[in-house]
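A.B. asks:
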Ligand code: SAH
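Numbering (the working numbering), first residue to last: 3 to 221.
#1: Return the Cβ separation of residue 181 and residue 192 in integer angstroms, given the expectation that the two are a contact with Cβ distance under 8 Å.
#2: According to DSSP, simplified to helix, strand and coil, what is residue 66?
#3: When the Cα of residue 108 is compared with those of 38, 49, 163 and 84, which residue comes out closest?
#4: Give a yes or no on whether the minimum CB-CB distance between residue 162 and chain D is below 8 Å.
#5: So for residue 101, helix, strand or coil by DSSP?
#6: State the DSSP-derived secondary structure class of residue 139, mapped to helix, strand or coil.
#7: When DSSP labels each residue in this structure, what does residue 200 get in the three-state scheme?
#8: Can you tell me which residues form a DSSP beta bridge with residue 124?
#9: Whole-angstrom Cβ separation of residue 97 and residue 132, contact assumed at under 8 Å?
#10: When the Cβ atoms of the region 111–125 are set against those of the region 88–95, are three or more pairs found closer than 8 Å?
#11: May I ask you to report which of helix, strand or coil DSSP gives residue 72?
#12: What's the C-alpha gap between residue 218 and residue 144?
#13: Taking its Cβ as the centre, do 16 or more other Cβ atoms sit within 10 Å of residue 32, making it buried, or is it exposed?
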């Protein structure tokens, strides 16, 4: 039997939003992994991209994006660009994406990968994403692709009223990808999206995001 495509995997997990499925179909993951890993790009697995960092498992990326319920009008802030795979998907589903990456060489790869698939509405910024991008705030949605014990305060501040924020909150056994919404100026926990293992969010405003020795793997 032929292997299921990534779109089929995502659909079988219960995600039926046609826009989400179309975005995945239009975004070749082969472009967003290092050349040595191209043969594994269509597997629903994380893949190392350097600096001990992974590009996330596609079905997890799908669940995080699905939770945002994007309509195409949004301005999004993404923290943790990596090789830009999630950035490309977000760009196809929203108006504009600002994505922050702490490693300049990963950001450079992401820019090239995004250009190669004709994404023109995403900007990759090198810097500490825990501070957000106040110059472009507020954001209708925020996605964080690295784990910390709490949502960094600047990211909550830069989210628009009624906006959605998805982030893995670190736990002892697993991280819990959690959906928040902003109501009356405060972040309200909406639901748990999925358990997962993320790399730590490393930055000035990250709580519990420092790199402990047992979290050095890149799942
Ligand atoms: N969204 C990516 C996931 C990349 S892994 C994908 O779909 O493939 C997480 C990324 O977060 C790593 O590249 C890491 O360097 C980055 N990161 C961690 N802390 C960060 C911070 N404070 N600011 C910006 N990027 C950060």
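Just so it is clear, CB atoms sit at the ideal spot from N, CA and C, and this is done for glycine as well.
C.D. replies: Quick look at the numbers:
#1: With 8 Å as the limit, residue 181 and residue 192 qualify as a contact, their Cβ atoms being about 4 Å apart.
#2: Correct three-state label for residue 66: helix.
#3: Residue 84 is the option with its Cα nearest to residue 108.
#4: The chain labelled as chain D is not found in the depicted structure, where only one protein chain is given.
#5: Residue 101 falls in the strand class under three-state DSSP.
#6: Three-state DSSP puts residue 139 in coil, outside helix and strand.
#7: Assigned with DSSP and collapsed to three states, residue 200 falls in coil, not helix or strand.
#8: Residue 124 is bridged by DSSP to 99.
#9: Not really, about 24 Å apart at Cβ, beyond 8 Å.
#10: Between the region 111–125 and the region 88–95 there are three or more inter-stretch CB-CB distances shorter than 8 Å, so the stretches are counted as touching.
#11: In the displayed model, residue 72 falls within coil according to three-state DSSP, outside both helix and strand.
#12: Note that residue 218 scores 43 on pLDDT, short of 50, meaning its location in the model is unreliable and no value can be drawn from it.
#13: A residue is called buried once 16 or more other Cβ atoms fall within 10 Å of its Cβ, and residue 32, having fewer, is exposed.
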